[in-house]
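*Asks:*
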Ligand code: URA
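In my numbering, the protein residues as written are 173 to 428.
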C-alpha cells in the first residue's frame with residue numbers, strides 16, 4: 173500500500189477499530205480456548221497488559237493552561253505551542269500558524285483556524301479570505317504593518333483542521349488557554365472577533381448574525397464581533413454590514 177498521509181491513516185485506523193479490530197495480534201490465528209490462564213485473552217494482549225504500567229490520565233486542557241501560563245512573551249508562547257503535543261491537529265499540519273501583523277498593535281483580530289494556504293505559509297489569513305481582510309482593513313486605513321494603524325492577527329486554532337472542517341469543541345477548549353494568554357501578552361486595546369468559531373471561543377456563544385456590530389467584552393477588553401471574510405466571499409450582500417462594523421471600529425479607536 174502506498175504510504176497514506178496522517179489524516180487518511182487515522183481514518184483507516186478508526187474504521188478498523190469500528191469493525192472491532194482493536195488489537196494487533198500477529199499473523200497466525202490464536203485459539204483463545206487454549207489459554208485458560210489468561211482468561212481467554214490472546215497471549216500477546218495479556219503480556220502487553222502485564223508489562224504496561226498504568227498511565228496517569230492526562231488532562232490536555234490543564235496541560236495547555238500550564239504551558240500557556242509559563243510563557244512570558246509572544247515568542248515564548250509560540251515556542252510553547254511548538255512543543256505542545258496534545259492536539260491531534262498538529263500531526264496533520266504542515267506548520268504552526270501563530271500570528272501575523274504587528275505585536276502590540278491597538279487592534280487584535282481573532283479568526284477561526286488556518287486553511288490550506290495558511291498551513292503552507294505558516295501565517296494567518298493569507299488565502300482569499302485573508303486578501304479580502306486586507307482590503308477591508310485598508311478601507312479604514314489600517315493594515316498588518318501600517319505604521320499609523322497596525323493590526324495584530326491570530327486564530328483560535330493554530331493548526332489546520334483536516335479538510336478545513338469546523339474546529340471541534342474539545343479542540344477549542346484545549347487551545348483556549350493559549351488564545352487567552354496570547355491576548356494578554358499582545359495586550360490590544362480592542363479585539364475583533366471574526367466569525368462564529370471565534371465568538372464561541374471568546375464569548376462562549378455563536379450566532380454571529382445577531383452578535384455582529386454590537387460592542388461587547390472579551391478577556392476584559394472591548395470586543396467587536398464581525399462577519400468572517402470567508403462568509404463575505406460567499407454572501408457579498410453582507411459586506412454592507414461589515415462596512416458599518418469597520419466604521420464602528422475606526423470610530424472606537426478615535427481615528428474616524
Ligand atoms: N480563516 C481564518 O479564520 N483564519 C485564517 O487564518 C484563514 C482563514
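Quick reminder that beta carbons are idealized off the backbone N, C-alpha and C, glycines included.
By DSSP, does residue 184 sit in helix, in strand, or in coil?
*Replies:* Helix.
*Asks:* Do you know how far the Cα of residue 332 is from the Cα of residue 339?
*Replies:* Each residue's Cα considered, the two are about 9 Å apart.
*Asks:* Less than 8 Å between the beta carbons of residue 312 and residue 418, yes or no?
*Replies:* It is a contact, given that the beta carbons lie within the stated cut-off.
*Asks:* What residue does the beta strand (DSSP E) around residue 393 start on, and which one ends it?
*Replies:* First-last of the beta strand (DSSP E) with residue 393: 393-398.
*Asks:* Bridge partners of residue 327, per DSSP?
*Replies:* Partner(s): 283.
*Asks:* With DSSP as the reference, identify every bridge partner of residue 367, one or two as the case may be.
*Replies:* Answer is none; residue 367 lacks a bridge partner.
*Asks:* Pick helix, strand or coil for residue 240, following the three-state DSSP scheme.
*Replies:* Residue 240 falls in the helix class under three-state DSSP.
*Asks:* Would you report the Cα separation of residue 410 and residue 346, rounded to the nearest angstrom?
*Replies:* Answer to the nearest angstrom: the Cα atoms are 32 Å apart.
*Asks:* Are the Cβ atoms of residue 360 and residue 383 separated by less than 8 Å?
*Replies:* No, the Cβ-Cβ distance between residue 360 and residue 383 is not below 8 Å.
*Asks:* Would you list the residues sitting across from residue 388 in a DSSP beta bridge?
*Replies:* DSSP lists 395 as partners of residue 388.
*Asks:* What is the C-beta distance between residue 296 and residue 271, in whole angstroms, given that I count them as a contact (C-beta under 8 Å)?
*Replies:* Contact holds; Cβ gap of about 7 Å.
*Asks:* Looking only at its chain, what residues have a beta carbon closer than 6 Å to the beta carbon of residue 259, apart from the 5 residues adjacent to it on each side?
*Replies:* Contacts found: 346.
*Asks:* Using a Cβ-Cβ distance under 8 Å, would residue 260 count as near chain D?
*Replies:* The structure shown contains no chain D, having only a single protein chain.
*Asks:* Name the one or two DSSP bridge partners that residue 322 has.
*Replies:* 315.
*Asks:* With a cut-off of 7 Å, give the chain-ordered residues whose Cβ is closer than this to any heavy atom of the ligand SAM.
*Replies:* Looking at this structure, you won't find the ligand SAM anywhere; what it does contain is the ligand URA.
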